[in-house]
Each structure stands twice: as structure tokens, then as C-alpha cells.
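Peer 1:
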Amino acid sequence: MKLRSATILVAGLAVATINYAGERMTSPSGNIEVEFDTDGASVLQYSVEFKGHEVVEPSRLGISIDGVDLGEGATIGAPRVGSVDETYETRGTDPHARNHYKVWTYPVTHEASGDVYSVEFRVYDDGVAYRYIVPGFETHHVDGEASSWKMIGGSKVWYFERLQGDWKLKSYAGEWLKSDIETLDTATPEPFGSVQGVPLVCDLPGDLGYAVLTKAATYNYSGMRLDAVGNRTVVANFTEGDAGFDVDGPVVTPWRATLLADDLNELVNSDFINNLNPAPDTALFADPSYIVPGRSAWSWESIGLGSPEDQHEFIDLAAEIGFEYSTVDDGWKDWDQPWQKMKELADHGKRVGVGVWLWVHSNDIDDPANDYQQMRDYFDKVVEAGVVGLKIDFMNGESKKLVDFEIAVLENSAKRRLVINFHGCHASTGEERTYPNELTREGIRGLEVNKHKLGPLPASHNAALSFTRFVVGQADYTPILFTNPGPTTWAHQLGTLVTFSSALQSYAEHPETMLRGKNVSLAAGVIRDMPVVWDETRVLEGSEIGELSAFARRSGDDWYVGVVNGGSQKGYSLDLSFLGKGRYQAEILSDDLDADPADVKSLGINQKATLKQWTTTVPLKREVKKVKSSQSIDVSLAEGGGFVAVFRK
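Heads up, the final residue of the sequence shown is numbered 722 in our numbering, and it's a clean run with no missing numbers.
Structure representation (C-alpha cells):
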């Protein structure tokens, strides 16, 4: 293999003959230190210290290109060092992000061939990431990577299971469970194997905090999974396996990222993954006014697709409950004159202030011929129909071909001022920063599972999601299913509206049930007012992954609190010190443990519900009272319960 014009200069760096192995890198505040060197066999490795403790022990790194492992027989040259400190607008936990890091770009020489490439490290106060940059104008074949993490012993690892087949790994659709790092390689029984999706979230021993092992900025490359190989180590793994994949021109890999946090509040509020992604193209997004976060009515879980008349009704109900959107799902193409029907629905939506989304199977638009001509023609028809957004489904993988497809979707939709929701896809790697027209994506085991034979979702899964899947980006969990809550209560369902974050929330429940259903209509006002993006987010005391998720989020002057109980019945004391000065009116919706169980079937509308044994649940109770920041509120949480509170001035 020859890397053209690479043996003299790499990114403007003169290649030195001495080995800079052992160079220490530090974060801006000094709380993270990284060492990049070679072992005794001249194999590249790195290690990470957090708060003075080695949390990633010496771990191999490297990339294999055209049959050559560039991480073996390597010499590290003198780095170029720099730093960045900037802020940018974002959405989700708060409206602004700070991107503050120090960067080291090392030229690395593969001694056997004389080829030179770069390993670039960024060190933040909340994480460390590295990537490989291999120059050249020709097509490179990527065989794989040696990128790995050897974690500190005693760590507990949260991962999503993959029983029943590999579809869960392809679509990141497993239930979140916990394992010791020492036994992660055998946590999933055969034949499902040791390959894990990302992120892996490590609860570090003692009071060291948390580490999230993941990837960021996946463009022009294949999506990385992690193979648990034993000895507390996970190694990069790809969909293509031994076959590898081709990259035209220079290879710039995604970031191999380790997010580090002292506590769950830092974990949730980190912008680390988005920071590793490029800023949006100012020409492509010169006028982003069409990118409007919001909530969508969605018929699929309650009545299926239904008729055009049913979708007309859903648009009207979306307007009544204050939702910005309504989504028309699979099956619309079987209607008589489907595009004409879609235009009629979109026109009606415009009259009542509701934008219409349209479901699309990826097979209908994934032909890359002629620069995705098929996709571009389809998107033109969507624009002509007046549809505002597309829900694109069934990619079911993250091969380089599918990653390229997703980026083509985002770029071509942005040119037509369309917003996007990916389903049947991998989890976020920060794409929403570079392409803000991606309002959300699935890549999660969401509430849709409740109507499937593999459902329903356990409460512990919901109590884990905020600290696992949602840490790497927004997700379309499709919240609220009063008519099929499984082993959770109606208050638990409401709590997820606060604990889960997505710029598009597609509500699974029928709007008629939310507006006028017996008992659950107590929550109609809270649902009507619920934001999807926030000005401030705090993880509250008592939160524990898989056991309890408690969040306070601010929108303007109002605070919203959501608590999701993943365990047994317990009491919870809500400290109100996050409130500002003065008195607030609190509206509280919680588990009514003194009432008789509620008959889920009495809600009546959801004909798709597969209730199994969960035919009753704990009903809601509603309380309104005046409070101030010096007080606390004591709440009883049912098993699998929760509560929501809204504090208004």
C-alpha cells in the first residue's frame, strides 16, 4: 500500500525520526489525561486518566487499510498542538453548547512501508476522542480497526440485549441491561454473540463516575459496534465483517469517543458527542426557519393507518390538543390516488396549523444511481404534495452504504426544506448538529414494542434510557400509551415526556384518549403544554440507572419535573430548590395508590393493544397547590410508577 504524497508531510507536519511515544495530553482543566504511545512491539496504544485514576488502561488502536495494519510497527512523530473554545446554538437539554478542547495531531509512520498517516486526539473536560486520517486520492479498502477500550476493573456496564436475533443489533432495539465488565463477553448467550451496539455506559467503581464508550461523526464510513473479547476489553467491529468496505479518497474515520462524567447530571448535560460533529453548512442551512421542533399525533399504535378520513380526523385532533404535526404511516400508498390524498391532507393541515409527515420505506429511495436520482425525484413529489417531513424506515443496519444513504437523505431533504425522522436505524452519533433538519431518529427500543409479541417494555428499561441511549442523542421513543402501558402506570408514562428528549415527539396514544379518556384526561393540559426542547436540564437526587430517573427541565420561567420509577414501590421527596424566587403554582399528576386499579380496556379506543396480563394499572390523581423553592414535595411511587409536576409562576 502507498499513501500518495504522505511520506513527507501530514497535515502540514514535518515527520520526525524520533518517537514521541509517551506524550501526555491534558484537558483544558486538567481533569483528564491521555497517554499515546507504543508498546514493546511498536504497536500503537493509548490510556486515559480521569480525576487521577486510570479508567481506560493501555488499549490498542490502529486501522487496517488495503491489507496493512497501520497500528503495528509504528513510530509516532512530533504532534501539532492547538485548542478551540467556541459556543454554538443547539437544542435538547439547553439552547447553547460550549465546544472547548485541546487537540493533538500526530504523524504516525508505518515503518515497514514508510507510509505516514495521522492520529488526531481531542481532549475535553468531559471526554477524549481520537480518529485516523489516512491521505491519498485513490480508493482505499478499510479492512477494520484495532480501536479498543480496556476498562478499569469493577466497572458495571449497561448494554442493550440482542436476544431473538440480530435485528436488535441492526436497529439498536434491545432492552437495556447491566453486566460486570469482567463478564461482558458472555453476557449475551450464544448464538447471539459478543458484539454490542453503542453506547456502552460504564458505571465506574467507587466514586469515579461514568464512562460512555461510543462513536461520533459517522460520515463516509461504516458504523462501529464493539466486540467484547474478554479481559475487560471491547474492540471495534463493523457490519461488513472481514469483507471490509471502500472509501474514495482520504480516509477520515469517525471519532472513537469516551465521554467521562462525575455524575448523572454531567452525563446527561454533556454536549461531547455533538461537539465532535462539524458545524452545519451555512449555505445549506442559510434559512433554517422550516426546522421547527414539535409534537406529532400518530395513528399507528392505536388504529393502524386507517383511511384518509381517519387521518383527516387525526389532523383535527392534533390541532385540538395543540400538536404541531400529524404523521401518516405505512400503507398510504395503497389508497386510491395516494399522492392526491396526501396533498389534500397536507392542505387541510395547513388550514388548521398542523404540518403533515409522511412515512417512506427506504427501499423506495435508496438507489444511489445518478447521485440518488430516485430519491431526488421522490422528494420533489413530497414537496409538491405540501408534506413538511419524512419518516424514513427500515434501513436496519449501519454499513457504509446505509450511512451514505442517510447523509444523502439529509442533504437532499435540506435542499427542499424538509425535516427528517429516521426509523429502523442506528443510534445517533451527533448528526443533528451537522444536519439540524434531522429532528429525531429511532435507534431505540421504544414504546411501539408494547403491541408486539416481544413486548411490553419493563419499567427498568425506561428508567435506564435517559442515562444510556439518550446520552448520545435524541430518540423517537414514541411516548405515551395509556391504553397499553404494560407493567407501568399512567403516571410513569407521563414521566417519560420529561425524562426523554427528542426535537420531535411522536405520541403513540390516540389524541381522543388523551383529551377525553376516563381519568387520563386529567393530564390533557400538561400534555398540551409539554415542550420538546429546553432551556435548562437538571438530573435530580435519587436518580440511578435502571432504578429511578428524575429530571427537572426549564422552559422559559416554567419548570417541568418527570420521575420514572424502574423498581418497586417507594417514596420520593422532591426538593424544590431548583425553583427561582417567589411562589409557583404546582400541578402534580401522580400514582393514586389509594384508588381501585383502573381498567385499561375501559379507555376503549386502542384496538391494537396487546395487553397480555397487564389489563389494569394505577390511575392518576391530580393536585394543584402553591409552593416555593424552600419546600419539598413528597410523592408515593407505585411499582413501575412515576409522576409529572409543572411549576408555573
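Glycine is no exception: its CB is placed at the ideal position from the N, C-alpha and C atoms.
Helix, strand or coil for Met-603? Go by DSSP, reduced to three states.
Peer 2: Note: Met-603 maps to coil in three-state DSSP.
Peer 1: Can you give me the Cβ contacts of Pro-131 inside the same chain, cut-off strictly under 6 angstroms, excluding the 5 residues immediately before and after it?
Peer 2: Within the same chain, Pro-131 has close Cβ partners Gln-118 and Ser-120.
Peer 1: Just to confirm, are Pro-366 and Val-605 a CB contact at a threshold of 7 angstroms?
Peer 2: Against a cut-off of 7 angstroms, the Cβ pair of Val-605 and Pro-366 comes out as a contact.
Peer 1: Hey, which unbroken runs of the beta strand (DSSP E) at 3 residues or more fall wholly within the stretch 124–193?
Peer 2: Whole beta strand (DSSP E) segments, 3+ residues: 126–133, 136–138, 147–149, 153–162 and 169–183.
Peer 1: Could you tell me which residues DSSP puts in a beta bridge with Asp-110?
Peer 2: Answer is Gln-118, bridged to Asp-110.
Peer 1: Classify Asp-407 as helix, strand or coil using the three-state DSSP reduction.
Peer 2: Reduced to three states, the DSSP call for Asp-407 is helix.
Peer 1: Of all the options Val-192, Ser-533, Thr-586 and Val-593, which has the alpha carbon lying nearest to the alpha carbon of Gln-642?
Peer 2: Ranking Val-192, Ser-533, Thr-586 and Val-593 by Cα distance to Gln-642 puts Ser-533 first.
Peer 1: My output table needs one value for Gln-704: the three-state DSSP class, helix, strand or coil.
Peer 2: In the structure shown, Gln-704 sits in coil (DSSP, three-state: anything other than H, G, I, E or B).
Peer 1: Using a 10 Å radius around the Cβ and a threshold of 16 neighbouring Cβ atoms, would you call Gln-658 buried or exposed?
Peer 2: Exposed is the call here.
Peer 1: If we count the other Cβ atoms within 10 Å of its Cβ and call it buried at 16 or more, is Cys-498 buried or exposed?
Peer 2: It counts as buried.
Peer 1: In the DSSP output, what is Glu-696 paired with across the bridge?
Peer 2: Ile-661.
Peer 1: Which of the three DSSP states is assigned to Lys-722 in this structure?
Peer 2: Residue state, collapsed to three classes: coil.
Peer 1: Please tell me whether Ala-219 and Gly-303 are closer than 7 angstroms, where the distance is taken between their beta carbons.
Peer 2: Contact: no.
Peer 1: What separation, rounded to the nearest whole angstrom, lies between the Cα atoms of Thr-561 and Asn-535?
Peer 2: Distance between the alpha carbons of Thr-561 and Asn-535: 10 angstroms.
Peer 1: In the DSSP assignment, what residue or residues form a beta bridge with Trp-328?
Peer 2: Ala-289.
Peer 1: Under the rule that 16 or more other beta-carbon atoms within 10 Å means buried, what is Val-697, buried or exposed?
Peer 2: Exposed, by the Cβ-count rule.
Peer 1: For Ala-564, count the other beta carbons within 10 Å of its own beta carbon; 16 or more makes it buried, fewer makes it exposed. Which is it?
Peer 2: Ala-564 should be labelled buried.
Peer 1: Quick one: grab the DSSP three-state call for Arg-506.
Peer 2: Helix.
Peer 1: Using a Cβ-Cβ cut-off of 6 angstroms (strictly less than) and excluding sequence neighbours within five positions of Val-308, which residues of its own chain qualify?
Peer 2: Here the set comprises Ser-221, Asp-300 and Val-302.
Peer 1: According to DSSP, simplified to helix, strand and coil, what is Arg-518?
Peer 2: Three-state result, Arg-518: coil.
Peer 1: Between which two residues does the alpha helix (DSSP H) harbouring Phe-318 extend?
Peer 2: Careful: Phe-318 lies outside any alpha helix (DSSP H), inside the beta strand (DSSP E) at 318–321.
Peer 1: In chain order, what residues of the same chain have a beta carbon less than 7 angstroms from the beta carbon of Leu-76, not counting five sequence neighbours either side?
Peer 2: Because Leu-76 carries a pLDDT of 45, less than 50, the predicted location of this residue cannot be relied on, and the following value inherits that uncertainty. Once the five neighbours on either side are set aside, the close Cβ partners of Leu-76 are Asp-188, Val-189, Tyr-190, Val-207, Pro-208 and Gly-209.
Peer 1: Under DSSP, the beta strand (DSSP E) around Glu-471 begins and ends at which residues?
Peer 2: Segment: none, Glu-471 is in no beta strand (DSSP E) and carries neither H nor E.
Peer 1: Would you kindly check if the distance between the Cβ of Ala-151 and the Cβ of Tyr-93 is under 7 angstroms?
Peer 2: In this structure, Ala-151 lies closer than 7 angstroms to Tyr-93 by Cβ.
Peer 1: If you follow the alpha helix (DSSP H) that Arg-589 is in, where does it begin and where does it stop?
Peer 2: Element bounds for Arg-589: 584–589.
Peer 1: Where does Thr-256 land, buried or exposed, given buried means 16+ other C-beta within 10 angstroms?
Peer 2: Classification of Thr-256: exposed, given that the 10 Å Cβ count is below 16.
Peer 1: Candidates Val-196, Thr-683, Asn-338 and Asn-485: which alpha carbon is nearest Asn-283's?
Peer 2: It is Tyr, not Asn, that sits at residue 283 in the sequence shown. For Tyr-283, the nearest C-alpha among the options comes from Asn-338.
Peer 1: Exposed or buried, what is Leu-82 when buried is set at 16 or more other beta-carbons lying within 10 Å of its beta-carbon?
Peer 2: Here Leu-82 scores only 31 on pLDDT, less than 50, and its place in the model should not be relied on; the value that follows carries that caveat. With fewer than 16 other Cβ atoms within 10 Å, it is exposed.
Peer 1: Going by CA-CA distance only, name the one from Gly-546, Val-522 and Ala-537 that's closest to Gly-559.
Peer 2: Answer by Cα proximity: Val-522.
Peer 1: Determine whether the beta carbon atoms of Glu-582 and Phe-555 lie at a separation below 7 angstroms.
Peer 2: Taking 7 angstroms as the Cβ cut-off, Glu-582 and Phe-555 qualify as a contacting pair.
Peer 1: What are the start and end residues of the alpha helix (DSSP H) that includes Ile-346?
Peer 2: 345–348 is the extent of the alpha helix (DSSP H) around Ile-346.
Peer 1: Is it right to say Leu-236 is buried, meaning 16 or more other beta carbons lie within 10 angstroms of its own, or is it exposed?
Peer 2: Exposed is the call here.
Peer 1: Out of curiosity, what's the CA-to-CA distance linking Arg-542 and Pro-262?
Peer 2: Going from the Cα of Arg-542 to the Cα of Pro-262 covers about 22 angstroms.
Peer 1: Could you tell me the distance, in whole angstroms, from the CA atom of Arg-195 to the CA atom of Phe-345?
Peer 2: So the two alpha carbons sit approximately 11 angstroms from each other.
Peer 1: Looking only at DSSP bridge pairs, what is Glu-609 linked to?
Peer 2: According to DSSP, which records beta bridges pairwise, Glu-609 is partnered with Arg-627.
Peer 1: Among residues of its own chain, excluding the 5 on either side of Ser-709, which ones have a beta-carbon nearer than 6 angstroms to its beta-carbon?
Peer 2: Cβ neighbours of Ser-709 beyond the five flanking positions: Gly-644 and Leu-666.
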